[in-house]
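As they're listed, the protein sequences go chains S, U, C and Z.
Every letter in the first sequence is one number past the one before it in my numbering, and letter 199, counting from 1, is 627.
Every letter in the second sequence is one number past the one before it in my numbering, and letter 113, counting from 1, is 541.
Every letter in the third sequence is one number past the one before it in my numbering, and letter 199, counting from 1, is 627.
Every letter in the fourth sequence is one number past the one before it in my numbering, and letter 279, counting from 1, is 707.
Here the structure comes first, spelled out in structure tokens, and everything after it is commentary.
Protein chains: 4
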Amino acid sequence: MVGGGQGSFIGAVHRIAMALDQQVELCAGVFSRDAANSRATGEKLHVDPSRVYTSYEEMAAAEAALPADQRIDFVSIVTPNNAHFGPSKAFLEAGFHVVCDKPMTLTLDEAKELVGVVERSGMVYALTHNYTGYPLVRHARHMFRSGHMGTVRKVLVEYLQDWLMEPQEKLGSKQASWRTNPAESGIGGALGDIGTHAMNLMEYITGDPVTSICADKSIFLPDRQLDEDVNALLRFQGGGKGVLTVSQVATGEENALRLRVYASEGAISWCQENPNVLEVSRHGKPKEILTRGHAEYLSAEATAATRIPTGHPEGYLEGFANVYMGAIEAIRRHIAGNPMKTAEYNFPTVYDGLRGMQFIYTAVESADAGAAWVPMPSTPQAN
Amino acid sequence: MVGGGQGSFIGAVHRIAMALDQQVELCAGVFSRDAANSRATGEKLHVDPSRVYTSYEEMAAAEAALPADQRIDFVSIVTPNNAHFGPSKAFLEAGFHVVCDKPMTLTLDEAKELVGVVERSGMVYALTHNYTGYPLVRHARHMFRSGHMGTVRKVLVEYLQDWLMEPQEKLGSKQASWRTNPAESGIGGALGDIGTHAMNLMEYITGDPVTSICADKSIFLPDRQLDEDVNALLRFQGGGKGVLTVSQVATGEENALRLRVYASEGAISWCQENPNVLEVSRHGKPKEILTRGHAEYLSAEATAATRIPTGHPEGYLEGFANVYMGAIEAIRRHIAGNPMKTAEYNFPTVYDGLRGMQFIYTAVESADAGAAWVPMPSTPQAN
Amino acid sequence: MVGGGQGSFIGAVHRIAMALDQQVELCAGVFSRDAANSRATGEKLHVDPSRVYTSYEEMAAAEAALPADQRIDFVSIVTPNNAHFGPSKAFLEAGFHVVCDKPMTLTLDEAKELVGVVERSGMVYALTHNYTGYPLVRHARHMFRSGHMGTVRKVLVEYLQDWLMEPQEKLGSKQASWRTNPAESGIGGALGDIGTHAMNLMEYITGDPVTSICADKSIFLPDRQLDEDVNALLRFQGGGKGVLTVSQVATGEENALRLRVYASEGAISWCQENPNVLEVSRHGKPKEILTRGHAEYLSAEATAATRIPTGHPEGYLEGFANVYMGAIEAIRRHIAGNPMKTAEYNFPTVYDGLRGMQFIYTAVESADAGAAWVPMPSTPQAN
Amino acid sequence: MVGGGQGSFIGAVHRIAMALDQQVELCAGVFSRDAANSRATGEKLHVDPSRVYTSYEEMAAAEAALPADQRIDFVSIVTPNNAHFGPSKAFLEAGFHVVCDKPMTLTLDEAKELVGVVERSGMVYALTHNYTGYPLVRHARHMFRSGHMGTVRKVLVEYLQDWLMEPQEKLGSKQASWRTNPAESGIGGALGDIGTHAMNLMEYITGDPVTSICADKSIFLPDRQLDEDVNALLRFQGGGKGVLTVSQVATGEENALRLRVYASEGAISWCQENPNVLEVSRHGKPKEILTRGHAEYLSAEATAATRIPTGHPEGYLEGFANVYMGAIEAIRRHIAGNPMKTAEYNFPTVYDGLRGMQFIYTAVESADAGAAWVPMPSTPQAN
């Protein structure tokens, strides 16, 4: 693991997600740029001190030098955005599989370069757009992909939080500090942190790509440099239209990632805060409430992503673990000499990561032009 | 009453709304342009046949010719949009108060002219933006107007229906027929029919006017000429931003008028489909669920607009009747020789009607320019 | 109208319910035992002072003495329970139809006697168990009656309020005063006021009568004589079991009348506080959310009881008005010389009223025996 | 681990719950009475084959014979009810701590004996009433224990499922097979499986013990011997009353464990299916919606039991893991020579297990007497 020292939020999440299914053991890491923090974290996590490193370069080199049956199988990168590209490249080139948090890189150029690095390396690269791991998200995708919903006409996607309503970065929050700092986060604030999730979730489910964006961004608190709030109009390849709205200053909201898609044959509504429920509407029929765990009526994709019976809620960590499950499967297959094609991956890939960076750059370009329409570039597809 | 014959939806609604509080008796009308329909409707409603007229001009003249204690006190106009201006003008100029359905007129020019007619007449003119009649809408307005919410940062307003997903206008629906016909509806489809409600509700509650609009409109069904679906970005005078989205082809939606306002000191969420509930959020505090009928904690405005105890749901008709209650109060005061100022009216006025028409024209101009930003004109205020 | 003077709650409700469909005009009444209150109320309601009476006996006699085309068609009795029987009997015997609030009488003996009075009179008698007027309640009944639900296995019915948590009867509330006084209310407190509604709703929908009851009643506030809270086990004729729980001291509850029925082929859930929704569950299938106004999938009974489109909420008053609509239809048929059979009535009858009184007496007998099982007597059926 | 082989549900849950916080490694087990199943499961779980045993007696002996730093620290017992007592006793007496699934034993006598075994052993014994692990359940307990709610007046507790609506035990379900078999389950069906959870949750939160029970049980499917459905009236020591209702044939229900407590100063409502929300009501105030993760307003107990930010749902597995966290803490303290008192345990104890068995026996005695009132015995308290 790279990152995840004291003060980190997402590091602990990754550790639970990988432990949950008892497939992964944490053996090595550089948990912080601060060596003392790294050491202390390693100790707390029962990592052999000889494998607690002080830089990712050292770790990649040292692990690569270990015998094949002793070295790590893959690395999880859970650092701020500005420390995604370097470690990813280093580990991939040293022959390690990589699981990395989103957004994929600090800049669009890094993202484009990383696509090449992954392709050349032949290694598995997984990006933790964890919301794609929820069983009912996978079922919704299945409904759209299998033609049960018709053509997308209207998409309303929101990701609303309020945790940056206070100037947390001035109050000692490490989380807020790097997330509001362009040097560490890149050109997107809410856009990068949660907008990329909203964008990814929508396209993951509908399969209908955004073709242009008109984004209006706002900063309400003094001294902030990055967008706290964005409202954007969307147009889709299939002729539909949409709205994407994200905020980190939406008073009273917690992690309200909500997606509604209205298509010619039906509509879905899903909300991350109660993810075990998927509402499906058909014109002139009673709305249906699908719940996780019902193999009788859910798709195999949804059923495969669940661990416990219906009515026993699964949450964020289980969804996150499902992304890991997919990555681990691909890694096992690679190790077994029978690698999967990228198009077979059951988790977000480097291409999804590139698309996220394209989204940030397109939205910022639009906003900087006074909320003008800007075409969304196409993204190479996984083969 | 002008309009409201067989096949009308809103005519029956107006009749219930005015009957509910037992203050109004229906004595005269021209219920349809079709004389037979008008006569049959009159008979069914127990209206004296001598006061069932064949045109609004005839009715205005004949009623004005009756002795003061026998003629109608006011007229309700419940016709399609193209038959709002004529009757309104005729009755106002004949000395009758007017209650009219929205949008106020067919064209923006008519709206501007009607403002003058109302001002010169000195009569009461009420526009039935009925959603302003809900008690918790009035309480929400009170919260913003009294300074308990701070500055508006983000507004998300939606009005979603799906009843035009089928080509109802080809299947014999009178409602769909005029609503999809520009000659009867004007230049706005969903914009005029439900967008004006969404716009009015938002500004009614927040008091923070829209200053510019970027609207993207869509038509999905063949042969439709008017917008079925609109997504719009909004900017507000106070520095906030917003999204307005309306649709009459949003699969599975019924009358989902939902408003969320995120302000610096708190947020509200309200939905017309369960109007007895108002959610109020404050950063770092539990969300509060306010329910209609609680005089202990609701404002006097909210309490005055309610008839039954909390927990016994009030609905659309009661909200509609509250607009009538306000109009009747103003009419009584006028009759009593003690007229209210327009600024004192507890119901939407001719200025709200003008603003609605300005909204339609601004949004259409934006959409026709490819969803470009267009400033929203200011609107004269009631005195 | 008998009752409904100042300080009354239900009187105003009845007046709105009867006015809403513009079929009824209030022409006469004795609004209070206090003559001044009665006069003042009559004046406020624009009733001819010569028809504002000082006692029900006087009113029944005077109205009967009027020419047939001038006298009232029916009387609404909206007094406390101890003043139901006398006026009902007097008006029925004077040849007037009667609409009366529930519970039907003060005592079980009065109820039994009233059955005979109604039968002998041949007049229409309607009891305002208003919750049977909700469209989705009627649809639920249709589902059970038409065999789509199978055999009832478990019923959970609740009616929870908290308005008697404070000693309102000591604080000047007329409502609380008579409802906590056995001389005016009878032997049931919450049992009579809301328990009878819960019992009636359950049997109305399922058609499966209660055969025995084990009821545990409680009084928490000092000086109260009547039950504030009751929990009861139920057994049904069809072999199912159930729970009925009512309270007027259930902190934070408003008018939470909720019914869940689990049957062999499906289950329903309905709550009065959001009455436009009916949840229907089938084993192994997604839950369905039925909403009022959908003629595509709701029964004719449900569709006939609705006035406005789906998504525009209807509430308590509209449901109440539906009971009046049914009574008015029966009264019209009677006047037209073509009376309906009681079994055809689309509203609660004198037999429902008797059953309510039997329920109160059975539950009190059970509770007084320390919550022992007591058989519920059978009730004569309407023909 | 004892139990948890193929076909087990709860074994996998325990394994996830113990793995999640990366404190526990599974090193040994007897996963099934069927040696092949046990071996196969052990292999799948990467357990050293030399520590996959064929009986619990063998395992207890063999592990005890290992050097202290190589043997297991504690054992998890996840077998059917008839195989709880034997292994518990064996491991406790062999000097191992025990975590066991509920209900604690097959019979009440076993339960009483086990109390003595635990007391004499001085080892840690934890019972996985996992619902006590939810953060908002702990907060609710805090609210009652700290005097913010006043006196309990009414409790409504439900645990409703429908998975036994089909005769699963005849269709090859191992789960259904033992749960419907008195020889493996004991005298309670739904009572033991879910009724004990409902009872435990209620008393855990309110601290107000049940003093008598009147329980009516039902069997609807042919050939079933154990209760499928129970409705029970409850009386509490503090003077309040309640209803407990459980079912495994409640059409359409999944794992609907819902608790509502109405007390003199406030009320709470919580449902396991959306456990991140706790509703708190106060008379005459807006209802408050408390959500997990808000250290600003939640108690330390609630905050300590949470891993991720508010709005990111935690579920069943995290709650379950919290019970393990508590047990692990007590075990660590014991190993460190500084054992906690039972009264300090932050998890259900052997006394809770005894109380659960007393509850089953009391309810069955009541039901067998035709649903008569039976006193609930008192239970020794932890010191």
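Just so you know, even glycine gets a beta-carbon here, dropped at the ideal spot from N, CA and C.
For a cutoff of 7 Å on Cβ pairs, would you count residue i as touching chain S?
i: Z/P741; result: yes
i: C/L718; result: yes
i: Z/A447; result: yes
i: Z/I444; result: yes
i: U/G680; result: yes
i: C/P703; result: no
Check whether chain C comes within 7 Å of residue i, counting only Cβ atoms and requiring the distance to be less than that.
i: S/K582; result: no
i: U/Y744; result: yes
i: S/G712; result: yes
i: S/K669; result: no
i: Z/N659; result: yes
Do you know how far the Cα of residue j is from the Cα of residue i?
i: U/H557; j: C/A492; result: 46 Å
i: Z/A758; j: Z/A732; result: 16 Å
i: Z/E612; j: Z/Q589; result: 20 Å
i: C/K713; j: S/H722; result: 8 Å
i: Z/I717; j: Z/N704; result: 10 Å
i: Z/L473; j: Z/E547; result: 33 Å
i: S/A791; j: S/A660; result: 8 Å
i: U/M446; j: C/L448; result: 9 Å
i: C/H567; j: U/Y744; result: 21 Å
i: C/N510; j: C/F502; result: 20 Å
i: Z/D657; j: C/Q665; result: 17 Å
i: C/G457; j: C/G600; result: 25 Å
i: S/I500; j: S/M487; result: 10 Å
i: S/S516; j: S/V778; result: 11 Å
i: S/E693; j: Z/D796; result: 54 Å
i: Z/S727; j: Z/Q451; result: 25 Å
Compute the beta-carbon to beta-carbon distance between residue i and residue j, rounded to the nearest angstrom, for a pair I have assumed lies under 8 Å.
i: S/A695; j: U/G680; result: 5 Å
i: Z/H570; j: Z/E729; result: 5 Å
i: Z/A832; j: Z/C642; result: No answer is possible for residue 832 of chain Z: it lies beyond the span of chain Z, which begins at 429 and ends at 811.
Give me, in chain order, the residues of the same chain whose beta-carbon lies closer than 7 Å to that of residue i; leave out the 5 immediate sequence neighbours on both sides.
i: C/E682; result: Q589 and E701
i: U/K582; result: G668, K669, G670 and Y690
i: S/A604; result: L592, Q596 and E597
Which same chain residues, not among the five before or five after residue i, have their C-beta less than 6 Å away from its C-beta?
i: U/F775; result: A554, V751, G754 and A755
i: Z/G435; result: K602
i: C/P767; result: R761
i: S/P563; result: R720, A730, A733 and T734
i: U/E793; result: V802
i: C/T673; result: E586 and N659
Against chain U, with Cβ distances strictly below 7 Å, would residue i count as a contact?
i: Z/E724; result: yes
i: C/T738; result: yes
i: S/A568; result: no
i: C/Q450; result: yes
i: S/G694; result: yes
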